[in-house]
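2 protein chains.
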Amino acid sequence: MNEIVDKPYFFKFNVAVDCIIFGFDDEGLKLLLYKRNFEPEIGKWSLMGGFLSPEESLDKAASRVLAKITGLKNIFLEQFHTYGDVNRDTGARVISAAYYALIKISDFSQSMIDEFGAQWWPVNDYPELVFDHGVMVESALETLRSKAKNEPIGFELLPRFFTITQLRNLYEAIYQRTFDPGNFRKKILSMKLLDRLPIKDKTGSKKGAFLYEFNQNRYERFKSQGFLFEL
Amino acid sequence: MNEIVDKPYFFKFNVAVDCIIFGFDDEGLKLLLYKRNFEPEIGKWSLMGGFLSPEESLDKAASRVLAKITGLKNIFLEQFHTYGDVNRDTGARVISAAYYALIKISDFSQSMIDEFGAQWWPVNDYPELVFDHGVMVESALETLRSKAKNEPIGFELLPRFFTITQLRNLYEAIYQRTFDPGNFRKKILSMKLLDRLPIKDKTGSKKGAFLYEFNQNRYERFKSQGFLFEL
DNA sequence: GCAAAAGTGTTGCTTCTACACCCATGG
DNA sequence: CCATGGGTGTAGAAGCAACACTTTTGC
């Protein structure tokens, strides 16, 4: 806080958080939306959100909202922009801090979907959203794309154990382009961040593909030595 | 805005904007700070900030604060994070949206410095700041560094006409490393984004160095064709 | 003429890209 | 046995880093 000539502590505002929740499965990159069950804009599709409480930080509020809808804790959750246009919310003036979350879709319980009328939507084909939530989603996608370039956040969207092909499919979904399978494999393995398990996954091919696990500790170590993740 | 189970429109908060203002001259990358002339924390060094008004957006509020302190309009100004910890401000609970601005230090009028008790500080050596402003500065620096990698925002910090050496000095200041003069020149010129003027600047050397101008239109065109700026 | 910055050229190395090709196996 | 995805190898192109070398000119 701060001021120069203004009168401080005078006007106050509603403050909310909204969460863009991303997931990934064999159909591609998805987005969790729900149908509003209250006014304004009741019945329309919307992001998950909630109002800030006096005794919690913005980050806490976002975690709370995310935990309520997904039942999950310790999820990748990062603030990316705060929306403050005067008429962005048709009900009242609300300043909204937007967060994006990356979850392992397999960890997600279907019960929450039913309880809140939530549903996964492809990021390329989701319904019209209330207020400026469409803008938020597009901006979150851009943030995700740009972040994924230089930080290994893609693994947040995959199960703990995955094949190189699954990983490539994920990056192809994020960047909306294809990668040469051989070159992709060589590049990611050359980073020495993936540990190969002595187990093959046979669901994707007859031959079977080795499962790998991302080694977070090794990444931290390499990073502190100047290594830069890049894909 | 949005909610799930909470009571909406109940608690309200002070909302502010804070600006991290960067400039660049032959001494390096600088930061504009001022001495607070009001409570709390009067007399301490602080970022420029101001409270949000009911009839203005966050972006507008940030522009207003920036214009007030610098007298400048149409400046590069971008929101990068919103700070919302409960006790971040010792005076009252304030949610603050932080913006960073890039200005051409030569355009900046000294009168503002005097009027507000403002002062330029090297980004490597600035005084202790109030509240979480130090955190904001470091985060703004990180954002600047990461943004500068893939977008030609460095030119916002240079005069309209500049030499390749000035440009290199700027990037060396941003990234805190050196670049080989020959290689840097070849790389930036190979992008075909700089127009050479038939004028030499003699202040930096006896031989004189050609002045260049960044061609924003050409950049937009290249970008729309898939070109990616990278330095 | 010498120092010092501007600017060009060269060379060897690394990385990228495209694509050929072998492997393993369920059906 | 063959189609399919898994996985390895390779050759040419492109990019990069280090550094030699040439140009210009004020002192």
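Protein sequences, first through last, are from chains A and B. In terms of the numbering used here, the first sequence opens at residue 1117 and continues consecutively. In terms of the numbering used here, the second sequence opens at residue 1117 and continues consecutively. In this text, a Cβ means the ideal position worked out from N, Cα and C, and glycines have one as well.
- Task: Grab me the residues of Ser1255(A)'s own chain with a C-beta within less than 8 Å of its C-beta, minus the 5 sequence neighbours each way, in chain order.
- Result: The beta carbon of Ser1255(A) sits closer than 8 Å to those of Phe1196, His1197 and Ala1214, all from its chain and outside the five residues before and after it, given in chain order.
- Query: In terms of residues, what are the limits of the beta strand (DSSP E) holding Tyr1215(B)?
  - Reply: Element bounds for Tyr1215(B): Val1210 to Leu1218.
- Task: On the DSSP bridge assignment, give the partners of Phe1278(B) in chain order.
- Result: DSSP output for Phe1278(B) lists Tyr1328(B) as bridge partner(s).
- Item | Any C-beta of chain A under 8 Å from that of Leu1195(B) | Looking at the sequence provided, one finds Gln at residue 1195(B) rather than Leu. So, interface residue.
- Message: Residues of the stretch 1169-1188 of chain B in Cβ contact with chain A at a cutoff of 9 Å, in chain order, please.
- Response: For the stretch 1169-1188 of chain B, which is checked against every Cβ of chain A, the residues closer than 9 Å are Ser1169, Pro1170, Glu1171, Glu1172, Ser1173, Leu1174, Asp1175, Lys1176, Ala1177, Val1181, Lys1184 and Ile1185.
- Name, please, each residue of chain A whose Cβ falls closer than 8 Å to the Cβ of Ile1158(B). The contacting residues do not exist; Ile1158(B) stays about 12 Å from chain A at best.
- Item | For Ser1212(B) and Ala1177(B), the rounded distance between their alpha carbons | One C-alpha to the other measures close to 11 Å.
- Query: From Ser1321(A), Met1307(A) and Phe1326(A), pick the residue whose C-alpha is nearest to that of Ile1315(A); which is it?
  - Reply: Phe1326(A) is the residue among Ser1321(A), Met1307(A) and Phe1326(A) whose C-alpha sits nearest the C-alpha of Ile1315(A).
- Count the other CB atoms, across all protein chains shown, that sit within 10 Å of the CB of Gly1159(A); report buried if there are 16 or more and exposed otherwise. Exposed, by the Cβ-count rule.
- Name the chain A residues that come within less than 9 Å of Ala1213(B), Cβ to Cβ? Here the neighbours are Thr1198, Gly1200, Ile1211 and Ala1213.
- Message: Considering just the uninterrupted stretch of the alpha helix (DSSP H) at Glu1258(A), what are its terminal residues?
- Response: Looking at the DSSP string, the run of the alpha helix (DSSP H) that includes Glu1258(A) is His1249 to Asn1266.
- Query: Just curious, the beta strand (DSSP E) that Val1131(A) is in, first and last residue?
  - Reply: Per DSSP, the unbroken beta strand (DSSP E) holding Val1131(A) starts and ends at Asn1130 to Asp1141.
- Query: Any beta-carbon of chain A closer than 8 Å to the one on Val1131(B)?
  - Reply: Nearest CB-CB separation between Val1131(B) and chain A: below the 8 Å threshold.
- Task: Would you kindly work out how many angstroms separate the C-alpha atoms of Trp1237(A) and Val1181(A), rounded to a whole number?
- Result: Cα to Cα, Trp1237(A) sits roughly 19 Å from Val1181(A).
- Query: If you compare alpha carbons, which of Asp1175(B), Glu1346(B) and Gln1282(B) is closest to Ser1306(B)?
  - Reply: Looking at Asp1175(B), Glu1346(B) and Gln1282(B), the one whose alpha-carbon comes closest to that of Ser1306(B) is Glu1346(B).
- Does the beta-carbon distance from Pro1275(B) to Leu1309(B) come in below 8 Å? At a Cβ-Cβ threshold of 8 Å, Pro1275(B) and Leu1309(B) do not count as neighbours.
- Message: Considering only their Cβ atoms, is the gap separating Asp1141(B) from Ile1191(B) smaller than 8 Å?
- Response: Not closer than 8 Å, so no.
- Query: In three-state DSSP terms, what is Glu1288(B)?
  - Reply: Glu1288(B) falls in the helix class under three-state DSSP.
- Query: What's the gap between the Cα of Lys1189(A) and the Cα of Ser1179(A)?
  - Reply: C-alpha separation (whole angstroms): 8 Å.
- Query: Can you name, in chain order, every residue of its own chain whose Cβ lies under 7 Å from the Cβ of Asp1317(B), other than the five neighbours on each side?
  - Reply: Closer than 7 Å at the Cβ level, and outside the excluded window around Asp1317(B), lie Thr1279, Gly1324, Ala1325 and Leu1327.
- Task: Only counting runs of 3 or more residues, tell me where the beta strand (DSSP E) segments fall wholly within the stretch 1151-1184 of chain B, in order along the chain.
- Result: Listed in chain order, they are 1164-1167.
- How would you write the range of the beta strand (DSSP E) that Pro1243(B) sits in, first residue to last? Going by DSSP, Pro1243(B) is part of no beta strand (DSSP E) at all; its letter is neither H nor E.
- So what's Asp1223(A) in DSSP terms, helix, strand or just coil? When secondary structure is reduced to three states using DSSP, Asp1223(A) falls in the helix class.
- Item | Cross-strand partners of Lys1308(A) (DSSP beta bridge) | Bridge partners of Lys1308(A) according to DSSP: none are assigned.
- Message: Could you tell me the alpha carbon to alpha carbon distance between Asn1130(A) and Glu1244(B), rounded to whole angstroms?
- Response: Rounded to the nearest angstrom, the gap between the Cα atoms of Asn1130(A) and Glu1244(B) is 32 Å.
- Query: Where does the unbroken beta strand (DSSP E) through Leu1347(B) begin, and where does it stop?
  - Reply: No beta strand (DSSP E) contains Leu1347(B), which DSSP labels as neither H nor E.
- Residue environment, Val1202(B), which counts as buried when at least 16 other CB atoms sit within 10 Å: Sixteen is the threshold: since fewer than 16 other Cβ atoms of the shown chains lie within 10 Å of the Cβ of Val1202(B), the residue is exposed.
- Query: Would you say Thr1259(B) and Ile1219(B) are within 8 Å of each other, going by their C-beta atoms?
  - Reply: By the CB criterion at 8 Å, Thr1259(B) and Ile1219(B) fall outside the cutoff.
- Message: Out of Leu1145(B), Gly1165(B) and Glu1143(B), which one is the CA nearest neighbour of Arg1152(B)?
- Response: Cα-wise, what sits closest to Arg1152(B) is Gly1165(B).
- Message: Assuming contact is defined by CB atoms lying nearer than 8 Å, are Pro1239(A) and Leu1149(A) in contact in what I supplied?
- Response: The question names Pro, but residue 1239(A) is Val in the sequence shown. No, these two residues do not count as a Cβ contact at 8 Å.
- Message: Just to confirm my understanding: we take Phe1271(A), look at its own chain, exclude 5 residues before and 5 after, and list those with CB closer than 6 Å. What are they?
- Response: The residues Phe1330, in chain order, have a CB closer than 6 Å to that of Phe1271(A) in the same chain once the five nearest residues on each side in sequence are set aside.
- Task: Within its chain, find whatever has a CB closer than 7 Å to the CB of Gln1282(B); leave out the 5 residues flanking it on each side and keep chain order.
- Result: So the qualifying residues of the chain are Leu1274.
- Query: Under a Cβ-count criterion, where at least 16 other Cβ atoms within 10 Å of its own Cβ denotes burial, should Ala1132(B) be classed as buried or exposed?
  - Reply: By the beta-carbon neighbour count (other beta carbons within 10 angstroms, threshold 16), Ala1132(B) is buried.
- Please report how far the alpha carbon of Gln1341(A) lies from the alpha carbon of Asn1299(A), in whole angstroms. When rounded, the distance between both Cα atoms is 25 Å.
- Item | 8 Å contact criterion, which Pro1297(B) and Arg1312(B) should meet: CB distance rounded | With 8 Å as the limit, Pro1297(B) and Arg1312(B) do not qualify as a contact, their Cβ atoms being about 17 Å apart.
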